[in-house]
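Working notes for the structure below.
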Amino acid sequence: MNHYGILLGKRHFLYSSARVVEVEGWTFTVAPGVKVIAGGSANPLQTLISIYRGSEKVAQLVLIHKRHDTDLAIQAVSSDILLKLSPATRTVSVTEK
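The C-terminal position of the sequence shown is numbered 94 in the working numbering, with every residue numbered one higher than the one before it.
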């Protein structure tokens, strides 16, 4: 199995090491060896997305849910990682520099 849904208390997390991950209508294509952990925010209007390479966190993003749309905000990104965003198609590509 490539990804796992984990329920801890009232919070649901998605853990995936697959190359293509779907989170709340956004598609993430990640480099080999990169893991995505999404969810767990105490705020129901936000979904936190953490991207790891090995045990090192290399990026943190947040999906902000509005009534009819979802916006993506980048909170932090390592200088070793290249993020390519396409809001029109709701895709994010994560590659190593």
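All C-beta atoms, glycine included, are put in the ideal place defined by N, C-alpha and C. Since the structure is predicted, the reported quantities are computational estimates derived from the model, not experimental observations.
1) With DSSP run on the structure shown, which of helix, strand or coil describes G36?
2) What is the C-beta distance between A35 and L42, in whole angstroms, given that I count them as a contact (C-beta under 8 Å)?
3) What's the gap between the Cα of S90 and the Cα of D68?
4) Which residues bound the beta strand (DSSP E) around T67?
5) Measure from the alpha carbon of Q72 to the alpha carbon of each residue in L60, P29, G22 and R64, then state which is nearest.
6) According to DSSP, simplified to helix, strand and coil, what is L58?
7) What's the gap between the Cα of K81 and the Cα of F10?
8) Below 8 Å CB to CB, which residues in the same chain sit around G22 once its five sequence neighbours on both sides are set aside?
9) Determine the DSSP secondary structure at E21, reduced to helix, strand or coil.
According to the data block:
1) strand
2) In fact, because the Cβ distance is near 15 Å, the residues do not count as touching under 8 Å.
3) Straight across, the Cα-Cα distance linking S90 with D68 is about 16 Å.
4) T67 to V74
5) L60
6) Three-state result, L58: strand.
7) Using only the alpha carbons, I get a separation of about 24 Å.
8) T67 and R87
9) coil
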